[in-house]
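These protein sequence lines are chains A and S, in that order. Counting in the working numbering, the final residue of the first sequence is number 1260, and the numbers go up one at a time with none missing. Counting in the working numbering, the final residue of the second sequence is number 565, and the numbers go up one at a time with none missing.
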Amino acid sequence: MTAPLLEIERVAIRRGRTTVVSDLTVSLGAGLTAICGPNGSGKSSLLAALAGLLPYGGAVRLEGRPFHPADLAYMPQAAALAADLTAFEVVLLGRLDRLRWRVGEDDLAAAVAALDDLGIADLAERPVRALSGGQQQLVLLAQKLVKRPRVLLLDEPTSALDLQRQLAVLEWLSAYAASAGALVVAVLHDLSLAARYATRLLLLRDGRLHADGAPEAILDPATIDAVYGVEAEILRIRTGQPVVAPLRASAAGRPT
Amino acid sequence: MSSAALRGGGGRRSPYRRSLRLRLLIVSGMGAALAALMLVDLMTGPSTLSVADVIAILLGLSDDATAAAIVWSIRLPMTLMAALVGVSLGVAGLQMQTILGNPLASPFTLGFSAAAGFGAAVAIMFGGLLPVPGWVAAPAAAFAMTSVACLMVYAIAHLRGGRPEVLILGGIAVMFLFQALQSFLQFLASPEVLQQIVFWLFGSLMKASWAGVVVVAAALAAALPWLARDSWRLTALGLGDAHARSLGIDVAVLRRRVFVLTALLTAAAVAFVGTIGFIGLVAPHAARGLVGEDQRFLLPLSALAGGGLLLSASIASKVVAQGAVLPVGIVTALVGVPILCVLVMRRRPGGSP
Chain A
1005 MTAPLLEIER VAIRRGRTTV VSDLTVSLGA GLTAICGPNG SGKSSLLAAL AGLLPYGGAV
1065 RLEGRPFHPA DLAYMPQAAA LAADLTAFEV VLLGRLDRLR WRVGEDDLAA AVAALDDLGI
1125 ADLAERPVRA LSGGQQQLVL LAQKLVKRPR VLLLDEPTSA LDLQRQLAVL EWLSAYAASA
1185 GALVVAVLHD LSLAARYATR LLLLRDGRLH ADGAPEAILD PATIDAVYGV EAEILRIRTG
1245 QPVVAPLRAS AAGRPT
Chain S
213 MSSAALRGGG GRRSPYRRSL RLRLLIVSGM GAALAALMLV DLMTGPSTLS VADVIAILLG
273 LSDDATAAAI VWSIRLPMTL MAALVGVSLG VAGLQMQTIL GNPLASPFTL GFSAAAGFGA
333 AVAIMFGGLL PVPGWVAAPA AAFAMTSVAC LMVYAIAHLR GGRPEVLILG GIAVMFLFQA
393 LQSFLQFLAS PEVLQQIVFW LFGSLMKASW AGVVVVAAAL AAALPWLARD SWRLTALGLG
453 DAHARSLGID VAVLRRRVFV LTALLTAAAV AFVGTIGFIG LVAPHAARGL VGEDQRFLLP
513 LSALAGGGLL LSASIASKVV AQGAVLPVGI VTALVGVPIL CVLVMRRRPG GSP
């Protein structure tokens, strides 16, 4: 693991009277980090707070300096796009703070490159409202990539994608993190996919960090039962990564 | 996906460049159409003038003093008022739809017309008690009441975080309040005063004056630079609040700023000509269908389309009712309904731009 890029220190987030994340301390280096956990465990709130959209207690630093939202790109959970804009225009909006009346050549080139990276160059001139949910998700992801951010925060970036595109996107993201020295934090629901591509896995439960480390080190039946209330077997595939095979919800269930 | 062959060159940026040129052409075309409609509007009336007459009079080259007087003191204020009010309503309708995230919104969605009507009714009933002439009192009171309505909606929205649902609920509450107050005044009014109030409520260009032209033009001059400056942010707001926020936009602040500018435009327009419906609803729809939601083009086209629609309605009202000018608000509503139906029917998912 490389030198820490993002340091999160004693972060606490409240929504109304409910504390959704409490006393979370973790340092993240460059690479693809996955955040997993059951519904309501604070995953999305944590990402939104890091993106500067939710107030929080504690401190967040990027390379030792106070963290500024300009350093990052944040993709919220999928919401349908109904605007009368083409995919190209939606991607271009990712450079919002640089756009002037006349759009610069470098901004156009960046948008073309981002669409290319995700293999959706053929969608560029299509109106987004006519695209499928998965295609819209890829367009929004391209919109986040167009800034080439140091920190990329993605809330369930693959939730609407087919199997092939889930793999392609996660593969591309981990390659981007490695080549650009960037930190990609993705909330994922599929533990096996997280284990396949992430170098680091954070497991949240009830707003607390339950386990943190390399996926192969922390994914075991006892942890999965404790976090999700699910009996599961851990299988090993050819590449050496663990695959989580769920058997049943455990008899006792888990406290909510 | 075979993008490799196309990578590198400017090849795929050119469809975007092409669509920019096309949209610029559409906006310029609409600008030319607006100028032509203004000319036609100046020509029509009880005494028909030719294009040459009108141009000669405007350039001060005509010796026909009567025709010059008709154009300069009667027709030109009405024509300019129609264009300016149409532009204001086109812009206000577009931005109301943008900040409320609802294509059915219009400048009057949030109760501004009810407030203006109440203000005018107060001025008509009690204006005699003030040392100001009626043609000043009614627009001033309508403008003031619209501003009060705007402040009330703003305060309600500000307390609750400025979400679109809260704005709409606040607007509905304000609308009912002013409608009730106005009904109360109408209940108290004598038949003669009641008739004056009802006549004011019809949107009509007959109320146009040079003073009104100056005020509406000033409101536009004040609002447009701010809206143009926000054009990329307003485009992004079209993606929905969550996506706009994720791009670093302070959605609540943007929404409040645009709301105030929209209220200013609506108040100025409604104060001098009364409530003219459908322009603010139809013009943004038509413009969006032609150039999409990029506000660099949508804002000017919506403005020009609003001006063009109101001028067309003005011309139609003069042609249909020879001699007696039909209140233009009636024409816009009658013509606006079928246009709106056509626009809604033609709207397929992904049918535009």
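C-beta atoms are modelled at their ideal positions from N, C-alpha and C, and glycine is treated no differently.
Inset, instruction - Have a look at A/L1207 and S/P376 and give me their C-alpha separation to the nearest angstrom. - result: 36 Å
Legend entry - One or two residues paired with A/Y1078 in a DSSP bridge: A/L1157
Inset, instruction - Compare the C-alpha of S/M250 against each of S/L270, S/A277, S/L237 and name the closest. - result: S/L270
Inset, instruction - Pick helix, strand or coil for S/H497, following the three-state DSSP scheme. - result: helix
Legend entry - Cβ neighbours of S/A479 in the same chain (closer than 8 Å, five flanking residues each side left out): F324, A328, A354, F355, T358, S359, C362, A431
Legend entry - Backbone CA spacing between S/G346 and S/G541 [nearest angstrom]: 21 Å
Legend entry - Minimum C-alpha distance to S/R558 - residue among S/V547, S/A498, S/A517, S/S529: S/A498
Legend entry - chain S contacts made by the stretch 1079-1094 of chain A, where a contact means CB separation under 9 Å: M1079, P1080, Q1081, A1083, A1084, L1085, A1086, A1087, D1088, L1089, T1090, F1092, E1093, V1094
Inset, instruction - Could you name the residues of the stretch 462-477 of chain S whose beta carbon sits closer than 8 Å to any beta carbon of chain A, in the order they occur along the chain? - result: none
Inset, instruction - May I ask you to verify whether the stretch 1079-1086 of chain A touches the stretch 451-461 of chain S, counting CB pairs closer than 8 Å and requiring at least 3? - result: yes
Legend entry - Buried/exposed call for A/P1219, threshold 16 Cβ in 10 Å: buried
Inset, instruction - Indicate the three-state DSSP secondary structure (helix, strand or coil) for A/R1021 in the structure shown. - result: coil
Legend entry - Host alpha helix (DSSP H) of S/G486 (start-end): From DSSP, S/G486 is part of no alpha helix (DSSP H); its letter is neither H nor E.
Legend entry - According to DSSP, residues forming a beta bridge with A/L1213: A/L1208
Inset, instruction - State yes or no: is the C-beta of S/I311 within less than 9 Å of the C-beta of S/V503? - result: no
Inset, instruction - Figure out for me which residue from S/L371, S/D506, S/S458 has the closest Cα to the Cα of S/A440. - result: S/D506
Legend entry - Among A/V1247, A/Y1060, A/Q1141, the one whose alpha carbon lies nearest that of A/E1237: A/V1247
Legend entry - Bridge-paired residues (DSSP) for A/A1253: A/V1234
Legend entry - Within the stretch 412-444 of chain S, ranges of the alpha helix (DSSP H) (whole runs, at least 4 residues): 422-441
Inset, instruction - May I ask you to report which of helix, strand or coil DSSP gives A/D1150? - result: Note on identity: in this sequence residue 1150 of chain A is Val, with Asp being the wrong assignment. Coil.
Inset, instruction - Please decide whether A/P1131 counts as near chain S, where near means a Cβ-Cβ distance under 9 Å. - result: yes
Inset, instruction - Determine, using beta carbons only, whether S/G562 comes closer than 9 Å to chain A. - result: Confidence is the limiting factor: at S/G562 the pLDDT is only 43, short of 50, which leaves the residue's position unreliable, though a coordinate-based value still follows. Yes, S/G562 counts as interfacial toward chain A.
Legend entry - Whole alpha helix (DSSP H) elements within the stretch 1040-1084 of chain A, 4-residue minimum: 1047-1054
Inset, instruction - Under 6 Å Cβ to Cβ from S/S215, same chain only, skipping five residues before and after it: list those, please. - result: Its pLDDT being 41, under 50, S/S215 is placed unreliably by the model, and the measurement read from it follows with that caveat. None.
Legend entry - Completely contained alpha helix (DSSP H) runs for the stretch 220-260 of chain S, where each covers 4 or more residues: 225-255
Legend entry - Contact set for S/L555: own chain, Cβ-Cβ below 8 Å, skip 5 residues either direction: V494, H497, A498, G501
Legend entry - Selected residue, minimal CA-CA separation from A/A1198, among A/P1225, A/R1242, A/E1160, A/V1150: A/E1160
Inset, instruction - Please name the residue or residues paired with A/A1038 in a DSSP beta bridge. - result: A/A1190, A/L1205
Legend entry - chain S contact for A/L1239 (CB, 9 Å cutoff): no
Inset, instruction - Compare the C-beta of A/P1073 against all C-beta atoms of chain S and say whether one is closer than 9 Å. - result: yes
Inset, instruction - Report yes if the CB atom of A/S1178 is closer than 9 Å to the CB atom of A/Q1245, and no otherwise. - result: no
Inset, instruction - Counting only the same chain and skipping the five closest in sequence on each side, list residues whose C-beta sits under 6 Å from that of A/V1015. - result: L1028, Y1060, G1062
Legend entry - Inter-residue spacing [alpha-carbon to alpha-carbon] between A/G1046 and S/V465: 27 Å
Inset, instruction - State the CB to CB distance for the pair A/V1143 and A/V1095, rounded to an integer number of angstroms; the pair is presumed to be in contact (CB under 8 Å). - result: 6 Å
Legend entry - Start and end residues, alpha helix (DSSP H) containing S/G302: 288-312
Legend entry - Residue nearest to S/L379 in terms of C-alpha spacing, selected from S/V303, S/R468, S/A433, S/A295: S/R468
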